[in-house]
Amino acid sequence: MSFKSIVRELKEMKDGIGNVSRRGSEGRRWRSRTRSHIAPDHAAPPSTSVEQGRWANLPPELLLDIIQRVEESETSWPSRAVVVSCASVCKSWREITKEIVKTPEQCGKLTFPISLKQPGPRESPIQCFIKRDRATCTYLLYFGLVPSEDERDKMLLAARKIRRATCTDFVVSLVADDFSRASSTYVGKLRSNFLGTKFTIYDSQPPCEAAIQSKSRLNKRFNSKQVSPRVSACNYSVGTISYELNVLRTRGPRRMHCVMDSIPISCLQEGGSVPTPSLFTHSLDEPTSPSPASKGKDKVTEFSSTSLVDIPVPVPGPCEPLVLKNKAPRWHEQLQCWCLNFRGRVTVASVKNFQLVAAVDPTHKISSAEQEKVILQFGKIGKDIFTMDYRYPLSALQAFAICLSSFDTKPACE
Amino acid sequence: MRYLALPLLSQNLTESTARAQTLSLYLQLSLQVSLSQRNESTMSSSSSSLPSCPKKVVTLKSSEGETFEIEEIAALQSKTLENMIDENCADTPIPLPNIKGKILAKVVEYCNKHAEVGVDAESLRAWDAEFVNVENTTVFDYILAANFLEIPTLLDLTCQSVADMIKGKTPAEIEKTFNIKSAFTPEEEEQVRRENQWAFE
Numbered sequence: 000m001s002f003k004s005i006v007r008e009l010k011e012m013k014d015g016i017g018n019v020s021r022r023g024s025e026g027r028r029w030r031s032r033t034r035s036h037i038a039p040d041h042a043a044p045p046s047t048s049v050e051q052g053r054w055a056n057l058p059p060e061l062l063l064d065i066i067q068r069v070e071e072s073e074t075s076w077p078s079r080a081v082v083v084s085c086a087s088v089c090k091s092w093r094e095i096t097k098e099i100v101k102t103p104e105q106c107g108k109l110t111f112p113i114s115l116k117q118p119g120p121r122e123s124p125i126q127c128f129i130k131r132d133r134a135t136c137t138y139l140l141y142f143g144l145v146p147s148e149d150e151r152d153k154m155l156l157a158a159r160k161i162r163r164a165t166c167t168d169f170v171v172s173l174v175a176d177d178f179s180r181a182s183s184t185y186v187g188k189l190r191s192n193f194l195g196t197k198f199t200i201y202d203s204q205p206p207c208e209a210a211i212q213s214k215s216r217l218n219k220r221f222n223s224k225q226v227s228p229r230v231s232a233c234n235y236s237v238g239t240i241s242y243e244l245n246v247l248r249t250r251g252p253r254r255m256h257c258v259m260d261s262i263p264i265s266c267l268q269e270g271g272s273v274p275t276p277s278l279f280t281h282s283l284d285e286p287t288s289p290s291p292a293s294k295g296k297d298k299v300t301e302f303s304s305t306s307l308v309d310i311p312v313p314v315p316g317p318c319e320p321l322v323l324k325n326k327a328p329r330w331h332e333q334l335q336c337w338c339l340n341f342r343g344r345v346t347v348a349s350v351k352n353f354q355l356v357a358a359v360d361p362t363h364k365i366s367s368a369e370q371e372k373v374i375l376q377f378g379k380i381g382k383d384i385f386t387m388d389y390r391y392p393l394s395a396l397q398a399f400a401i402c403l404s405s406f407d408t409k410p411a412c413e
Numbered sequence: 000m001r002y003l004a005l006p007l008l009s010q011n012l013t014e015s016t017a018r019a020q021t022l023s024l025y026l027q028l029s030l031q032v033s034l035s036q037r038n039e040s041t042m043s044s045s046s047s048s049l050p051s052c053p054k055k056v057v058t059l060k061s062s063e064g065e066t067f068e069i070e071e072i073a074a075l076q077s078k079t080l081e082n083m084i085d086e087n088c089a090d091t092p093i094p095l096p097n098i099k100g101k102i103l104a105k106v107v108e109y110c111n112k113h114a115e116v117g118v119d120a121e122s123l124r125a126w127d128a129e130f131v132n133v134e135n136t137t138v139f140d141y142i143l144a145a146n147f148l149e150i151p152t153l154l155d156l157t158c159q160s161v162a163d164m165i166k167g168k169t170p171a172e173i174e175k176t177f178n179i180k181s182a183f184t185p186e187e188e189e190q191v192r193r194e195n196q197w198a199f200e
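Chains A and B are the protein sequences, given in the same order. Going by numbering that gives the first Met the number 0, the first sequence opens with residue 0, and the numbers climb by one from there. Going by numbering that gives the first Met the number 0, the second sequence opens with residue 0, and the numbers climb by one from there.
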């Protein structure tokens, strides 16, 4: 077929069907790509590099269609890992997948590690359980109502308790076999005081607003050829938990008071929201001097070759932080015990069991429906097995850290 | 036939008036008759025209210049072709320089199959499954052809088959199946590594 006749036909086609609508811009992409097919006889047979490009360069709306089908059908773990696979194939697939996947707040599903640092859904909580291993002082957070028969549950976070001279640390990681703070799987930690009455939650990355600044610092780090042997890791304090000492009451419930510095109280108001990180960064960076607004919590601790700088994160702007308190249980006269309605999710009585709600007063203008919502619920269902249900505005990491504090409180509180 | 309102004939009618009225009545009657005749003939012609009228066919031309005929009724499954038929652009062969002959032949086969009457859903599903039971590169071409010709059922079938191929695979397996080479920046590479470590542990 001569080239001239092909060109003539193309012109005819353009004239004849000029008013036919085409989807998106793939029409243009079509024509440019097909020139290689229309080329005269000396066109080489499709080389492997052309073949390789095909699936990566599928028109975006078609790739979106395909990946969306995958994402919508694989909603629960472990099969949901395929969504992570799609985001790991190549740049175009990654972009589309990230576009499709919604935050836990929007869809109630956990997909990427960053989902663990994003607030949970507003309506119904995400239900998880925690397994405690006393021998190794390890606590594993799993997704699911209760441990399944075949033990194929998705592990979300792992924590290891490390006792120090004057305090205890719970180091939180994405994997159960690596709790090094220099590792890319390090997520944050919970530090308690000596008495086990006061805890501080640390995140390995700052909340949203500050993340923009740290990202630029991160880029600088990757430009340097060598990472200095003394790697500095920053921890950002995002909340504190305190347990009230019960000196007089011996068997009464413990009173918890959680100040979530990174969550403004306004998030519970009509139309309110929480800063939601979208990128999992590991802020390995030069130690910066703490901001003047710090609350005096900065400590520098040595841990093998890494030095840690604990930077408190003040809540952005003049916002008041969200405070959580535990829902007061009722005294059941007949059963002679304190009771909370755990809706079947907690079945063994334990002093560790609690439900957290927002501590509000009328000036906050928060609806009573919101005030009633149990934001975090934790309780025992068996030997070394506990359930943890959390919802907006807490993230899985914050919820897990608060629950870990319940494991460490000393008899002074009971 | 409608009941004609007959003019009242008064006793004092002159002969010419009577003649005029009779004529008018005759004309009305004959008009009615001819109208009903035409209706009957129209009905009879529509029932008798089906077997004798030739089926309309559309000609498609592949990128290599090969032509394929497809019945108009089957072609209507493609919104692109439907538009062209509506705009009267389908009387000459339609060039499709971005679809190879091998693929176009199969697309025509698909449209023909789906335009058939009396095929039960179960066997059609089985036929569809067999249709996409081909190499990835061919499925890829089907997707692009279905997208260009805007055949929703074929696009749905092919995209779903690709989605089914992806399910249950690790990134390495997907790359191998679809012959994709991943190229990430070191930053992205670390993100990817961390995500996979967590997702697949």
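Just so it is clear, CB atoms sit at the ideal spot from N, CA and C, and this is done for glycine as well.
Determine the chain A residues that contact residue i at a beta-carbon separation under 9 Å, and present them in chain order.
i, result
"residue 132 of chain B", "In chain order: nothing, as chain A lies at least about 18 Å away."
"residue 199 of chain B", "77, 80, 83, 84"
Would you call residue i buried or exposed, if buried means 16 or more other Cβ atoms sit within 10 Å of its Cβ?
i, result
"residue 299 of chain A", "Because the pLDDT of residue 299 of chain A is 34, which lies under 50, any placement of that residue in the model is unreliable, and the number read from its coordinates should be weighed accordingly. Classification for residue 299 of chain A: exposed."
"residue 389 of chain A", "buried"
"residue 25 of chain B", "exposed"
"residue 76 of chain A", "buried"
"residue 35 of chain A", "Residue placement at residue 35 of chain A is poorly supported in this model, since its pLDDT is 41, which falls under 50; the coordinates are not used for a value here."
"residue 142 of chain A", "buried"
"residue 398 of chain A", "buried"
"residue 92 of chain A", "buried"
"residue 146 of chain B", "buried"
"residue 333 of chain A", "exposed"
"residue 366 of chain A", "exposed"
"residue 193 of chain A", "exposed"
"residue 40 of chain A", "Any reading at residue 40 of chain A is ruled out, since the residue's pLDDT is 47, under 50, leaving its predicted position unreliable."
"residue 253 of chain A", "buried"
"residue 455 of chain A", "Residue 455 of chain A lies beyond the residue range present for chain A, which begins at 0 and ends at 413; the question has no answer from this structure."
"residue 31 of chain B", "exposed"
"residue 327 of chain A", "exposed"
"residue 272 of chain A", "exposed"
"residue 85 of chain B", "exposed"
"residue 370 of chain A", "exposed"
For residue i and residue j, which I take to be in contact (beta-carbon distance under 8 Å), what is that distance rounded to the nearest angstrom?
i, j, result
"residue 127 of chain A", "residue 159 of chain A", "About 18 Å separates the two Cβ atoms, so there is no contact after all."
"residue 67 of chain A", "residue 99 of chain A", "5 Å"
"residue 81 of chain A", "residue 166 of chain B", "6 Å"
"residue 103 of chain B", "residue 61 of chain B", "4 Å"
"residue 204 of chain A", "residue 276 of chain A", "7 Å"
"residue 110 of chain B", "residue 142 of chain B", "No, residue 110 of chain B and residue 142 of chain B are not in contact; Cβ-Cβ is about 16 Å, not under 8 Å."
"residue 148 of chain B", "residue 58 of chain B", "Incorrect: roughly 14 Å between the Cβ atoms, too far for contact."
"residue 112 of chain B", "residue 126 of chain B", "6 Å"
Can you pull the chain A residues whose beta carbon is under 8 Å from the beta carbon of residue i, in chain order?
i, result
"residue 72 of chain B", "Per Cβ cutoff of 8 Å: no residues; residue 72 of chain B is ~20 Å from chain A at best."
"residue 139 of chain B", "53, 54, 57"
"residue 111 of chain B", "Chain A residues near residue 111 of chain B: none, gap ~22 Å exceeds 8 Å."
Which residues of chain B have a Cβ atom closer than 7 Å to the Cβ of residue i, listed in chain order?
i, result
"residue 111 of chain A", "194"
"residue 64 of chain A", "158"
"residue 68 of chain A", "158, 159, 162"
I want to verify the contact list: residues of chain B whose CB lies under 9 Å from the CB of residue i, in sequence order.
i, result
"residue 89 of chain A", "174, 179, 180, 181, 182, 183"
"residue 94 of chain A", "Within chain B, no residue comes near residue 94 of chain A; the closest Cβ sits about 10 Å away, beyond 9 Å."
"residue 396 of chain A", "Residues of chain B passing the Cβ test: none, with the nearest at roughly 13 Å."
"residue 407 of chain A", "Ordered by position in chain B, no residue passes the 9 Å Cβ test against residue 407 of chain A, which lies about 25 Å from the chain."
"residue 154 of chain A", "197, 200"
Residues of chain A with CB under 7 Å from residue i, in chain order?
i, result
"residue 142 of chain B", "61"
"residue 241 of chain B", "Within the shown structure, residues of chain B are numbered from 0 to 200, placing residue 241 of chain B beyond reach of any answer."
Name, please, each residue of chain B whose Cβ falls closer than 8 Å to the Cβ of residue i.
i, result
"residue 73 of chain A", "166"
Nearer than 7 Å: is that true of the beta carbon of residue i relative to any heavy atom of the ligand ATP?
i, result
"residue 150 of chain A", "Summarising the ligand content, the structure contains no ligands, and the ligand ATP is consequently not present."
Contact residues within the stretch 159 to 179 of chain B, judged by C-beta distance below 7 Å to chain A: 159, 161, 162, 165, 166, 167, 168, 169, 170, 173, 174, 177, 178, 179
Contact residues within the stretch 183 to 205 of chain A, judged by C-beta distance below 9 Å to chain B: 183, 184
Start-end ranges of the alpha helix (DSSP H) lying completely within the stretch 97 to 144 of chain A, minimum 4 residues: 103 to 106
Under 7 Å (Cβ pairs) to chain B, residues found in the stretch 119 to 149 of chain A: none
Proximal residues, the stretch 253 to 281 of chain A versus chain B, C-beta separation under 7 Å: 279
3 or more residues per run - each beta strand (DSSP E) lying fully within the stretch 45 to 99 of chain B: 56 to 60, 66 to 70
Segments assigned beta strand (DSSP E), at least 3 residues, entirely inside the stretch 68 to 92 of chain A: none
Uninterrupted alpha helix (DSSP H) stretches inside the stretch 151 to 196 of chain B (no shorter than 4 residues): 151 to 165, 170 to 177
Every unbroken beta strand (DSSP E) inside the stretch 172 to 204 of chain A [3 residues or more]: 185 to 191, 197 to 202
Start-end ranges of the alpha helix (DSSP H) lying completely within the stretch 347 to 403 of chain A, minimum 4 residues: 367 to 371
Interface residues of the stretch 157 to 177 of chain A facing chain B [CB-CB below 7 Å]: 173, 174
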